[in-house]
Amino acid sequence: MEVPSASVSFLESDITVFQASGWISPANGDLSDWIGFTASGTDVLVEVKCDDAQVQIIGFENGQTIKEEIVCGQERLISVTPGYVYHLQMTVKNIDDFSVSPYFVQLKILR
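When you read off a place in the sequence shown, starting at 1, and then add 4, the result is the number in my numbering.
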């Protein structure tokens with residue numbers, strides 16, 4: 005795993021929503037981006053806006069792939085364990101496609 009380009013801890017704060025955006029550009033050697041978060045509740049609503057034809061999203065809990073599929077343009081409720089570290093990896097589906105693929109991530113803690 006790489007160092008996340010953005011991260012948030014919901015543990016010791018009143019933050020309930022976190023947003024981040026970026027782009028993946030294989031032409032510049034940027035094949036993936038990472039977003040990290042630590043949950044305070046048991047459910048997180050994840051929404052990633054991106055081009056589903058170009059971007060794949062993979063979720064990780066403490067370094068292990070999570071079961072829930074996260075798809076561009078859909079909200080997904082993910083059950084989480086408070087205090088665990090989670091990551092979302094946005095990666096290009098086709099490394100030979102040299103277009104720039106923007107994305108927008110919103111995480112919402114449900115308490």
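All C-beta atoms in this analysis are idealised placements derived from N, C-alpha and C, irrespective of residue type, glycine included.
Bear in mind that the values here come from a model prediction, so they are computed numbers and not experimental data.
Run through DSSP, which three-state label would residue i get?
i      : result
Pro106 : strand
Cα separation between residue i and residue j?
i      : j      : result
Asn66  : Gly40  : 11 Å
Val104 : Gly63  : 22 Å
Ile113 : Val12  : 11 Å
Val48  : Gly77  : 16 Å
Thr69  : Asp101 : 25 Å
Pro8   : His91  : 8 Å
Lys71  : Ala31  : 31 Å
Ser29  : Asp56  : 15 Å
Val84  : Val52  : 17 Å
Phe22  : Val59  : 20 Å
Val75  : Thr20  : 22 Å
One question on the structure: do residue i and residue j come within less than 8 Å of each other, judged by their Cβ atoms?
i     : j     : result
Met94 : Asp34 : no
Val50 : Arg80 : yes
Ser44 : Pro86 : yes
For the beta strand (DSSP E) that contains residue i, what are its first and last residues?
i     : result
Lys24 : Note on identity: in this sequence residue 24 is Ala, with Lys being the wrong assignment. Ala24 -> beta strand (DSSP E) spans 21-28.
Ala10 : 10-13
Leu92 : 89-96
Thr50 : Residue identity differs from the one stated: residue 50 is Val in this sequence, not Thr. It spans 47-54 - the beta strand (DSSP E) in which Val50 sits, taken as one unbroken run.
Ser83 : 79-83
What does residue i pair with, by DSSP beta-bridge criteria?
i      : result
Arg115 : Its beta-bridge partners do not exist; DSSP assigns none.
Val118 : What is shown of the chain runs 5 to 115, which leaves residue 118 out entirely.
Glu65  : Gln68, Tyr90
Asp34  : Ser29
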